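*Asks:* According to the working numbering, the sequence shown holds residues 6 to 153 in order. Take this structure first; my questions come after.
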Amino acid sequence: MRFAFLLLGLILAWTTPTLAESDTRPLFKLPQEIEFTGPPDQLQNAVIFGDPTKPGLYVQRFRLPPGLKVPPHWHPDEMRTVVVLSGTLYYAFGERWDESKLAPLPAGSFFYEPPHVPHYARAKGGEVILQLTAIGPSGVTRVQQTPQ
Numbered sequence: 006m007r008f009a010f011l012l013l014g015l016i017l018a019w020t021t022p023t024l025a026e027s028d029t030r031p032l033f034k035l036p037q038e039i040e041f042t043g044p045p046d047q048l049q050n051a052v053i054f055g056d057p058t059k060p061g062l063y064v065q066r067f068r069l070p071p072g073l074k075v076p077p078h079w080h081p082d083e084m085r086t087v088v089v090l091s092g093t094l095y096y097a098f099g100e101r102w103d104e105s106k107l108a109p110l111p112a113g114s115f116f117y118e119p120p121h122v123p124h125y126a127r128a129k130g131g132e133v134i135l136q137l138t139a140i141g142p143s144g145v146t147r148v149q150q151t152p153q
């Protein structure tokens, strides 16, 4: 009987990934180790921790070049928080682009994006770098614009 329990324990230990292997190992990433992907004249991103396509915690950085407009869209993530690391992001909630509603969020600003709530943004004067911490899986749904 003890042999059966020992065998079961070994099988479970061998086939089940452990938190110690995947989520609790210390992690350091220096700025020079963070690699952004995408064309330099468009929104670029770098996954720092986790996987946005899977359930669980993940961290991403986004680089917005000067003048970039991010049209109204929403995300299904359970939770999304953002910190502006550099530059000034102009940001608003809503289904329609309205330049007058954009609020300036300088470096050090924090905001929370509730699930399924449309929002839009712009990098008016210079490059903006954001850090997102969220619980996935993630995705983007653009809000369809109808002519006024």
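Ideal Cβ placement from N, Cα and C applies to all residues, glycine included. Computed from a predicted structure; not experimentally measured.
Using only the alpha-carbon positions, how far apart do T29 and T138 sit?
*Replies:* The alpha-carbon atoms of T29 and T138 are separated by roughly 17 Å.
*Asks:* So within the segment 38 to 73, which uninterrupted beta strand (DSSP E) runs reach at least 3 residues, ignoring any that extend past its ends?
*Replies:* As far as the segment 38 to 73 is concerned, its whole beta strand (DSSP E) runs of at least 3 residues are 49 to 54, 61 to 69.
*Asks:* Please name the residue, chosen from Q149, W102, V89, G113, that lies closest to V133 on a Cα-to-Cα basis.
*Replies:* Out of Q149, W102, V89, G113, V89 has the C-alpha closest to the C-alpha of V133.
*Asks:* What residue range does the beta strand (DSSP E) around P81 cover?
*Replies:* Element bounds for P81: n/a, residue is neither H nor E.
*Asks:* Provide the residue(s) that pair with V88 in DSSP beta bridges, ordered along the chain.
*Replies:* V88 pairs with F115, Q136.
*Asks:* What does the Cβ neighbour count give for H80, buried or exposed, with the cut at 16 atoms within 10 Å?
*Replies:* H80 comes out buried.
*Asks:* For the segment 51 to 67 and the segment 28 to 42, state whether three or more C-beta atom pairs, one from each stretch, are separated by less than 8 Å.
*Replies:* Contact between the segment 51 to 67 and the segment 28 to 42 is present, because at least three Cβ pairs lie under 8 Å.
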